[in-house]
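Structure first, then comments.
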Amino acid sequence: MHPILKLVLQRIALGLLLLLAASALIFAGTMILPGDVAQSILGQSATPQSLANLRQELGLDVPPVQRYFNWLGGVLQGDLGTSLTNRLDIAETMGRRLGNTMFLAFWAAVISVPLAIFLGLLAVRYEGRWPDKLISGVTLASISIPEFLIGYVLIYFVAVKMRLFSSVAMINDSMSLLEKLNAIALPVMVLTLVVLAHMMRMTRAAILNVMQSAYIETAELKGLSSFMVIARHAFPNAIAPIVNVVMLNLAYLVVGVVVVEVVFVYPGMGQYLVDHVAKRDVPVVQACGLVFAAVYIGLNMIADIVSILSNPRLRHPK
Amino acid sequence: MNDRDQQISHFTKLAAKGRMTRREFVGRMTALGVTAAMANVMLSNAAKAAGPVKGGTLKIGSVGGESTNTLDPALAASQVPYHNLHSFGETLVEVAADGSIGYRLAESVESTPDAKTWRFKIRSGVEFHNGQTVTAQDVMRTMERHSNEESKSGALGIVKGIESMSVDGDTFVVNLGTANADLPYLMADYHLMIQPDGGFDNPAAGIGSGAYMLVSDEPGVRHLWKKNPNYWDSTRGHVDEIEIIVINDSTARMAALQSGQAHIVNRVDPKVAGLLSRAPGVQVVNTGGPGHYVFIMHCDTAPFDNNDLRLALKYAINRQEMVDKILQGYGSVGNDFPINSAYPLFDNSIPQREYDAAKAAEHYKKSGHDGSPIVLRVADGAFPGAVDAAALFQQSAAAAGIPLEIKREPNDGYWSEVWNKQPFCASYWGGRPVQDQMYSTAYLSTADWNDTKFKSEAFDAKLLAARAELDETKRKGLYSEMANMLRDEGGLICPMFNDYVDGISDKLQGWEKDGTGELMGGRASQVCWLA
Numbered sequence: 001m002h003p004i005l006k007l008v009l010q011r012i013a014l015g016l017l018l019l020l021a022a023s024a025l026i027f028a029g030t031m032i033l034p035g036d037v038a039q040s041i042l043g044q045s046a047t048p049q050s051l052a053n054l055r056q057e058l059g060l061d062v063p064p065v066q067r068y069f070n071w072l073g074g075v076l077q078g079d080l081g082t083s084l085t086n087r088l089d090i091a092e093t094m095g096r097r098l099g100n101t102m103f104l105a106f107w108a109a110v111i112s113v114p115l116a117i118f119l120g121l122l123a124v125r126y127e128g129r130w131p132d133k134l135i136s137g138v139t140l141a142s143i144s145i146p147e148f149l150i151g152y153v154l155i156y157f158v159a160v161k162m163r164l165f166s167s168v169a170m171i172n173d174s175m176s177l178l179e180k181l182n183a184i185a186l187p188v189m190v191l192t193l194v195v196l197a198h199m200m201r202m203t204r205a206a207i208l209n210v211m212q213s214a215y216i217e218t219a220e221l222k223g224l225s226s227f228m229v230i231a232r233h234a235f236p237n238a239i240a241p242i243v244n245v246v247m248l249n250l251a252y253l254v255v256g257v258v259v260v261e262v263v264f265v266y267p268g269m270g271q272y273l274v275d276h277v278a279k280r281d282v283p284v285v286q287a288c289g290l291v292f293a294a295v296y297i298g299l300n301m302i303a304d305i306v307s308i309l310s311n312p313r314l315r316h317p318k
Numbered sequence: 319m320n321d322r323d324q325q326i327s328h329f330t331k332l333a334a335k336g337r338m339t340r341r342e343f344v345g346r347m348t349a350l351g352v353t354a355a356m357a358n359v360m361l362s363n364a365a366k367a368a369g370p371v372k373g374g375t376l377k378i379g380s381v382g383g384e385s386t387n388t389l390d391p392a393l394a395a396s397q398v399p400y401h402n403l404h405s406f407g408e409t410l411v412e413v414a415a416d417g418s419i420g421y422r423l424a425e426s427v428e429s430t431p432d433a434k435t436w437r438f439k440i441r442s443g444v445e446f447h448n449g450q451t452v453t454a455q456d457v458m459r460t461m462e463r464h465s466n467e468e469s470k471s472g473a474l475g476i477v478k479g480i481e482s483m484s485v486d487g488d489t490f491v492v493n494l495g496t497a498n499a500d501l502p503y504l505m506a507d508y509h510l511m512i513q514p515d516g517g518f519d520n521p522a523a524g525i526g527s528g529a530y531m532l533v534s535d536e537p538g539v540r541h542l543w544k545k546n547p548n549y550w551d552s553t554r555g556h557v558d559e560i561e562i563i564v565i566n567d568s569t570a571r572m573a574a575l576q577s578g579q580a581h582i583v584n585r586v587d588p589k590v591a592g593l594l595s596r597a598p599g600v601q602v603v604n605t606g607g608p609g610h611y612v613f614i615m616h617c618d619t620a621p622f623d624n625n626d627l628r629l630a631l632k633y634a635i636n637r638q639e640m641v642d643k644i645l646q647g648y649g650s651v652g653n654d655f656p657i658n659s660a661y662p663l664f665d666n667s668i669p670q671r672e673y674d675a676a677k678a679a680e681h682y683k684k685s686g687h688d689g690s691p692i693v694l695r696v697a698d699g700a701f702p703g704a705v706d707a708a709a710l711f712q713q714s715a716a717a718a719g720i721p722l723e724i725k726r727e728p729n730d731g732y733w734s735e736v737w738n739k740q741p742f743c744a745s746y747w748g749g750r751p752v753q754d755q756m757y758s759t760a761y762l763s764t765a766d767w768n769d770t771k772f773k774s775e776a777f778d779a780k781l782l783a784a785r786a787e788l789d790e791t792k793r794k795g796l797y798s799e800m801a802n803m804l805r806d807e808g809g810l811i812c813p814m815f816n817d818y819v820d821g822i823s824d825k826l827q828g829w830e831k832d833g834t835g836e837l838m839g840g841r842a843s844q845v846c847w848l849a
C-alpha cells in the first residue's frame, strides 16, 4: 500500500475511534444533567404514577449502559430517534438546522479565509510599516469586541440607519439564493470580523518564521519580487500551521455561533441545541453533541493530513 | 370651509391612506396649529373612517418561541404559541376590550338562575379549515380533551369544575357541580380553541375555524399563516398573511421593528421604551393589564408564618419606587392583593398601602424575629428587573431595620426548583380575566398553584359564595372582603402591576387599547391592517 494512503487510512480510523469515545462522553454528560426528562416534561402536574409511566414510555427505566448501546446501534443505522418534547424526527429537523448552519459557515469561510490569508501576506510584505500595523490593529480590535456587540452595532448602523441589509437573518426554502445571501449578509460580516484576526496573525507569524531561512535569501538574490518570494517560496512551507488555524476557525463557525444566531434570529444548530438543553430533551442534545464532535474531529483530521502531506519530514515518523 | 380646514382634511385623507407617515402628518398639523396629541387622535379616527385595507403580510416579531413548541392548543404556555392559536383557532366566546363577553363560535349564552347549567348556542354554517362544519359535538369533544389529564392541558383547572356536558341539537350544554357565574369568561381561555372532533386525532395539526390557515410551521423560527377564504366574520382578518417570527433577543426584536422587518413586536423592555418611542416610524403602545410582579412568602413556613413579620415586609417595600425604576412608569402600584382595575367588580375604595419604615419596624419588633437575615430568592427570569427590584426592596427594608439577604438563583430550573418550593422568592402572575379565576388558581387552600400557602377557611367560603352569586353588588362586596383579607393576612407582596408594552410600526392601522393581553389580547393580527 502506498505510504500516504496508509497514513490517511490510519488517521481516519483514529478519528472514528475518537468519535466513539466522544459519543460515550456525550452520553455520560447528558446522564449527569440535573433533573430528568420525565420530570421536566410533566412539570408541576407530575404525580409519582405519571412519572413512572412516562419513564417507562421513554425507556428511562433501562440501565444506562444498555441504553447507550441501544442509542449507538440506532445512530449507526442513521436513526437518531425522535424528540421527546415535540415528537418530531430528529434527523429530519436537525438536518434542516445543520444545513442552515453549514450555509452560514460556508459563506463566512468563503469570505474570511482568503481575506485573512491575503491580509496576512500583505502584513508580511509591509512588516513593521503602517499597512501591517493597520491590519493587525483593526483585526485585533474586531476579535476583542464581543461578537454580539459587533452584531448590534452593525444592526444599528447598517440595518436600521442605512436600511441596507436585513436585521432578521431568517432564511427558508422559498427564497432564492440571492435573497438568502442578502438575508445573511450581516451575520457573515460579524463572523468574518470575529475569525479574521486569528487566521491573519497565524499566517503572518508562520511566514515571518520561514522568511528567516537561507533559501528565502537565495530567492531574493535571484531577483524575485518580494511578493513572489512570499507567495512561491515562503507560503508553501508555512502552510501546516495556517491550515491548522483555518480548520479551528471553520470548526468554530459551525459549532460556536449560537450568540450570533440569537442576535440575528438565524435558525441554526446552536439555538436548536440550547432550546432542547433547557427542556432536557436528551436525544436531541445527544444527536447535536455527536454532530458537533464529528465536525470538530473531521476538520482537525483534515488539518493533520494536510500538514503531514505538506511536510515530508512528518511523513516518516521516527 | 376655509383654507386651513381644507388643508387639514386633505392631509388627514393622505395620512389615512398611508401616503404620508404619522410623523410627517403630525408635523404638518402642528404647523397648522393643531397639537400633536390632537393630530394623533385625528389620524386614528380618519384611518378608522377610511375602513380597513385588505391584503399584505403582517409580520409579528415575538419573544417566547422555542424549537420545542407545538401547535397543540392544550400545551400553549408562552407568547408565540399564544399568537399562533389566535391565528388559526377560535373559542366559544372572548373577553372584549371593555371586559364584556364577545360572541365567537357561540352565538348566545344562557344560564339557569342558579348558574349551574349553561347553554351555548353554536353559530351555524362555520367551517373548519378542513371543510368540516363546526358542530356542538366538536365543542364538547374539545372540552373533553382538555378535561382529560392525559392532554396535560393548560386549561385543565378551568374545565375541572364541569360535572357533565351534553349536546342538544346546535347547543352545547354544560352542567356544573358548583355554581359559577363566570363560566363564559372561563370558556374564553385561549387554550380552549375549538378543533374538529376536539383535536383527538392530531391536536397539533393547526386546524381550527379561525381567520388564518397554516402554511408553514417551523417551531422556534417562524410560523406562516394565510387568509382562510371561508372565514365567517368579515370584520376580521384583513391581511392576506400573518408571519410570526420568533425573536427572543430583546435588542434584535426592537431592531426588527425599527428596520421594518416586523410591524408589531411584543414585550418592549421598559428600559428602552422611551428611546424606542422617539425612533422614526414606530410607536410604543402600553395598556394596563392584570399582570403583576410579586414577592411571595409561604404563610406556613417560619418565619413567614408570623403575620406581623409578613406585614413588616409589606410595609417595608416602596411600591412607587418600583413602578418608577423597574417599570419606568409603564405600570401601576399594587396593593398586596392580585386584583386591579383591569378586573370587573374591582373595589377601588380599598386604601393603598404605602411604604412606611416606622410601621414596618414596629411590626418587625412585634414579630419577635431573631434578627437573622431573611433570605429572598430571585432570578432574572422571575420577572424582568427582578434582581434590581430585590435590591431596591433590600434597601428600603434595611431603612426599617429589617435585614434581607438576596440569594440569586439560576434562571434554568427556577420554576421547578425555587418557585412554589422556597418560602420567599420573586415571581410574576399574568393575571386572569376574572377575579374568581385568579383567586381560585392561587389563593384557594386546595389550589395546586397556591404559591403563598395561604390557607383560610373563611376566605375559601367567601370565594365559593361569590362564585355562585349572580347579584353583582353582593359579589363585589364579597370580592372586596376577600381582597382586604389577602392584603392584611396573605403571603403576597405585590409591589406593581406591569403594563403590556408593545411596539408597532406606523404602517399598522386599527390598533386600539385592549388590556386583555399583549397585542390587544392576541387580536391585533385579526383586527389590524396595513396601510
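Residue numbers (the working numbering), protein chains in the order written: chain Z, 1 to 318; chain D, 319 to 849.
Just so you know, even glycine gets a beta-carbon here, dropped at the ideal spot from N, CA and C.
Keep in mind the model is a prediction, meaning the values are calculated, not measured.
query	result
In its own chain, which residues sit with a C-beta less than 6 Å from the C-beta of Val491(D), not counting the 5 before and 5 after it?	Arg437, Ser484
Note down the Cα distance separating Glu799(D) from Ile614(D), rounded to an integer number of angstroms.	21 Å
Can you tell which of Met170(Z), Leu221(Z), Gln56(Z), Ile230(Z) has the C-alpha that lies nearest to the C-alpha of Gly120(Z)?	Ile230(Z)
Would Met189(Z) pass as an interface residue toward chain D - the criterion being a Cβ-Cβ separation below 9 Å?	no
Along the region 291-313 of chain Z, what residues have a CB closer than 7 Å to any CB found in chain D?	none
Residues of chain D with CB closer than 8 Å to the CB of Phe264(Z), please, in chain order.	Ala570
Quick check on the DSSP output: the beta strand (DSSP E) that includes Met483(D) runs from which residue to which?	480-486
Within this structure, are the beta carbons of Met531(D) and Gly821(D) separated by less than 9 Å?	no
Would you say Pro187(Z) and Val246(Z) are within 9 Å of each other, going by their C-beta atoms?	no
For the region 657-672 of chain D and the region 751-769 of chain D, state whether three or more C-beta atom pairs, one from each stretch, are separated by less than 8 Å.	yes
In the region 700-763 of chain D, which residue ranges form an unbroken alpha helix (DSSP H) of at least 4 residues, counting only runs that do not cross its ends?	704-717, 753-760
Check whether the region 397-408 of chain D and the region 528-543 of chain D touch, using three or more Cβ-Cβ pairs below 8 Å as the test.	yes
When you compare each of Leu694(D), Phe343(D), Val819(D) to Ile720(D) by their alpha carbons, which one comes out closest?	Leu694(D)
So is Val278(Z) in contact with chain D if we call contact Cβ pairs under 9 Å?	For the record, residue 278(Z) in the displayed sequence is Ala; it is not Val. Yes, because at least one Cβ of chain D sits closer than 9 Å to the Cβ of Ala278(Z).
Could you please give the first and the last residue of the uninterrupted alpha helix (DSSP H) stretch that includes Glu536(D)?	Careful: Glu536(D) lies outside any alpha helix (DSSP H), inside the beta strand (DSSP E) at 530-536.
Measuring CB atoms only, is the region 138-150 of chain Z touching the region 209-219 of chain Z, in the sense that at least three cross pairs come out at less than 8 Å?	no
Check Arg793(D) in the structure and name its three-state DSSP category.	helix
Can you pull the chain B residues whose beta carbon is under 7 Å from the beta carbon of Thr388(D), in chain order?	Absence of chain B from the displayed structure is noted, the protein chains being Z and D.
So the candidates are Arg441(D), Asn520(D), Gly374(D), Asp488(D); which of them puts its Cα closest to the Cα of Arg463(D)?	Asn520(D)
Using a C-beta cutoff of 9 Å, does Glu342(D) count as contacting chain Z?	no
Any beta-carbon of chain D closer than 9 Å to the one on Ala185(Z)?	no
When the cut-off is 9 Å and only beta carbons count, does Ser50(Z) lie next to chain D?	yes
Between the alpha carbons of Asp674(D) and Asp626(D), how many angstroms are there, rounded?	14 Å
Counting along the chain, where does the beta strand (DSSP E) carrying Glu412(D) start and finish?	411-413
Starting from the Cα of Ile480(D), find the closest Cα among Glu468(D), Met461(D), Gln579(D), Thr489(D) and give me that residue.	Met461(D)
Okay, do the region 507-525 of chain D and the region 386-394 of chain D touch, 3+ Cβ pairs below 8 Å being the bar?	yes
Looking at C-beta atoms only, is the number of pairs between the region 812-827 of chain D and the region 642-660 of chain D that lie closer than 8 Å three or more?	yes
Is there at least one Cβ from chain D nearer than 9 Å to Ser176(Z)'s Cβ?	no
Less than 6 Å between C-beta atoms, sequence neighbours within five positions excluded: which residues of the same chain meet that for Glu727(D)?	Arg695, Ala697, Val736
Quick one: Cα of Ser142(Z) to Cα of Leu196(Z), how far?	8 Å
Going by CA-CA distance only, name the one from Phe106(Z), Ala24(Z), Gln49(Z), Arg87(Z) that's closest to Asn70(Z).	Ala24(Z)
Pair every Cβ in the region 799-810 of chain D with every Cβ in the region 616-631 of chain D, then say whether three or more of these pairs are closer than 8 Å.	yes
Select from the region 147-167 of chain Z all residues with a C-beta closer than 8 Å to any C-beta belonging to chain D, and list them in chain order.	Tyr152, Ile155, Tyr156, Ala159, Val160, Arg163, Ser166, Ser167
Anything in chain D within Cβ reach of Gly271(Z), meaning under 8 Å, just list it in chain order.	Note on residue identity: the sequence assigns Gln, not Gly, to residue 271(Z). Per Cβ cutoff of 8 Å: Ser385, Gly538.
Using the beta-carbon count (16 or more within 10 Å), is Tyr215(Z) buried or exposed?	exposed
What's the call for Asn493(D), buried or exposed, on a 16-neighbour Cβ count within 10 Å?	exposed
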